[in-house]
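Enquirer:
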Amino acid sequence: MQRGSPRIPPVLRRGTNPINHLAGGRRRLSRPLAEALPADKPYFSAWTPSRARTVAKLLAGQLGFSGEPELLRHGNSSRFQLGDTTAKLTNPECTSPEDVQRELDFAQLCHDSGAPVLTPRENTVRTVTQGGEQFAATLWPHIPEADKSADPFQAGQVLATLHQLRLNTSIAQKLAPVDPCRVIAQFIDLITPVATSAERTLLRERAQLARAAWGELASHRGLPQVPVHLNHHDSSITGSPLHDGKPGPWIVNTECSGLGPAELDLLRVQLRVDRFGASPHIVDDFRAGYAAVAGTEALSDCPELLRTLRCVWEPFVIAERCSELVYDEPELEAEFHIRIDSLRYEPDDPHAQQWTHVAH
Numbered sequence: 001m002q003r004g005s006p007r008i009p010p011v012l013r014r015g016t017n018p019i020n021h022l023a024g025g026r027r028r029l030s031r032p033l034a035e036a037l038p039a040d041k042p043y044f045s046a047w048t049p050s051r052a053r054t055v056a057k058l059l060a061g062q063l064g065f066s067g068e069p070e071l072l073r074h075g076n077s078s079r080f081q082l083g084d085t086t087a088k089l090t091n092p093e094c095t096s097p098e099d100v101q102r103e104l105d106f107a108q109l110c111h112d113s114g115a116p117v118l119t120p121r122e123n124t125v126r127t128v129t130q131g132g133e134q135f136a137a138t139l140w141p142h143i144p145e146a147d148k149s150a151d152p153f154q155a156g157q158v159l160a161t162l163h164q165l166r167l168n169t170s171i172a173q174k175l176a177p178v179d180p181c182r183v184i185a186q187f188i189d190l191i192t193p194v195a196t197s198a199e200r201t202l203l204r205e206r207a208q209l210a211r212a213a214w215g216e217l218a219s220h221r222g223l224p225q226v227p228v229h230l231n232h233h234d235s236s237i238t239g240s241p242l243h244d245g246k247p248g249p250w251i252v253n254t255e256c257s258g259l260g261p262a263e264l265d266l267l268r269v270q271l272r273v274d275r276f277g278a279s280p281h282i283v284d285d286f287r288a289g290y291a292a293v294a295g296t297e298a299l300s301d302c303p304e305l306l307r308t309l310r311c312v313w314e315p316f317v318i319a320e321r322c323s324e325l326v327y328d329e330p331e332l333e334a335e336f337h338i339r340i341d342s343l344r345y346e347p348d349d350p351h352a353q354q355w356t357h358v359a360h
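Heads up, the sequence shown is in the working numbering, so the first residue is 1 and it goes up one at a time.
Written out as structure tokens, the structure is:
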């Protein structure tokens with residue numbers, strides 16, 4: 001295998017896809033993240049676990065919850081367990097209250113349309129004021145053992161159901177097209193103090209390649225646009241039952257959902273094989289689950305198409321995950337350098353280091 005960036009395939013083909021043209025999507029960032037960071041520490045964020053916990057305690061007081069909020073996850077959005085409820089607190093540097101409300105509306109409308117999407121306890125964005133800032137908070141049913149990810153077959157089933165939704169005007173108003181190239185560009189600005197000169201050069205080259213590849217896809221009329229999940233975290237689709245016993249699997253996080261080719265959600269599984277060293281059988285299992293709902297030709301197996309999508313998807317995933325460098329995670333910073341270097345190689349090149357899941 002030759003070292004270097006993968007080429008942009010000149011031919012993009014896809015098997016007949018019965019999924020109708022739909023609308024969907026959501027902006028990932030409401031404004032450039034780099035502009036919101038403290039001047040003295042340009043890649044650190046004031047949204048620390050300690051501050052998130054302080055906000056969670058204030059929210060618990062609003063709700064009359066007397067226990068101690070339990071931190072489940074910290075990042076651009078932080079989750080705390082409050083009894084049988086999970087409170088999601090959003091970093092205002094990254095997401096506006098309007099975007100948070102769109103997420104609630106999208107989740108509710110998808111559920112009402114038949115997709116197995118977790119719905120909020122209330123379709124309201126609560127506001128918590130702390131230190132002169134306002135933080136958006138939403139309330140969701142707590143799922144015991146929510147970190148029990150759905151298996152690939154289950155993930156294929158639920159994502160096929162999501163992709164097949166016929167979006168009415170109400171849902172379409174909550175969505176916008178996926179724009180991974182914008183997220184990649186913001187990420188390059190963000191990590192300038194952390195990346196080496198060679199890494200910045202490589203990222204700029206891959207960003208240019210991604211823009212060209214995304215432009216090819218946008219101009220190709222054979223790619224129906226559907227509501228894609230677009231969240232590469234395995235825990236975003238759980239196989240666990242809800243607290244009231246309703247069985248899984250469930251899509252529990254739609255904050256990254258957008259309008260794009262269905263194959264973007266296939267790549268979340270393919271990435272585990274290509275970069276994390278998982279068994280190739282998981283892709284077959286995912287396709288089998290998907291086909292059980294949408295038919296055998298619903299996802300393309302065209303190598304040129306999938307390679308083009310990967311040109312966009314890999315730097316996008318790095319941008320999404322490693323944007324959390326702003327939370328001062330040493331393990332994440334080390335992983336960041338490995339992932340950037342891996343972009344020099346095709347996945348099967350022996351020089352490419354495997355990625356590692358970093359808990360956050």
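Just so it is clear, CB atoms sit at the ideal spot from N, CA and C, and this is done for glycine as well.
#1: Starting from F276 and walking both ways along the alpha helix (DSSP H), at which residues does that stretch end?
#2: Would you tell me roughly how many angstroms separate the C-alpha atoms of L59 and E70, rounded to the nearest one?
#3: Confirm, please, whether the CB-CB distance from I318 to I338 is below 8 Å.
#4: Determine the burial state of T127: buried for a count of at least 16 other Cβ atoms within 10 Å of its Cβ, exposed for fewer.
#5: Determine the closest residue to E314 out of V283, N231 and L175, with distance taken between C-alpha atoms.
#6: DSSP has F65 in a bridge; who is on the other side?
#7: Could you check whether the segment 200-210 touches the segment 134-150, counting it as contact only if at least three pairs of C-beta atoms, one from each stretch, sit closer than 8 Å?
#8: The alpha helix (DSSP H) spanning G289 covers which residue range?
#9: Determine the contact status of C110 and L165, defining contact as a CB-CB distance below 8 Å.
#10: I'd like the span of the beta strand (DSSP E) that includes L89, first residue to last.
#11: Can you grab the Cα-Cα spacing for the pair L271 / P180, in whole Å?
#12: Exposed or buried, S342, counting other C-beta atoms within 10 Å across all chains shown (16 or more means buried)?
#13: Could you tell me the distance, in whole angstroms, from the CA atom of P193 to the CA atom of K88?
#14: With DSSP run on the structure shown, which of helix, strand or coil describes T356?
#15: In terms of residue numbering, what span does the beta strand (DSSP E) encompassing G260 cover?
Expert: In this structure, then:
#1: First-last for F276: undefined, no H or E at that position.
#2: 13 Å
#3: no
#4: exposed
#5: Comparing C-alpha distances from E314 to each of V283, N231 and L175 shows the shortest one belongs to N231.
#6: According to DSSP, F65 bridges with nothing at all.
#7: no
#8: H281 to A294
#9: yes
#10: T85 to T90
#11: For L271 and P180, the distance between alpha carbons rounds to 16 Å.
#12: buried
#13: 30 Å
#14: coil
#15: G258 to G260
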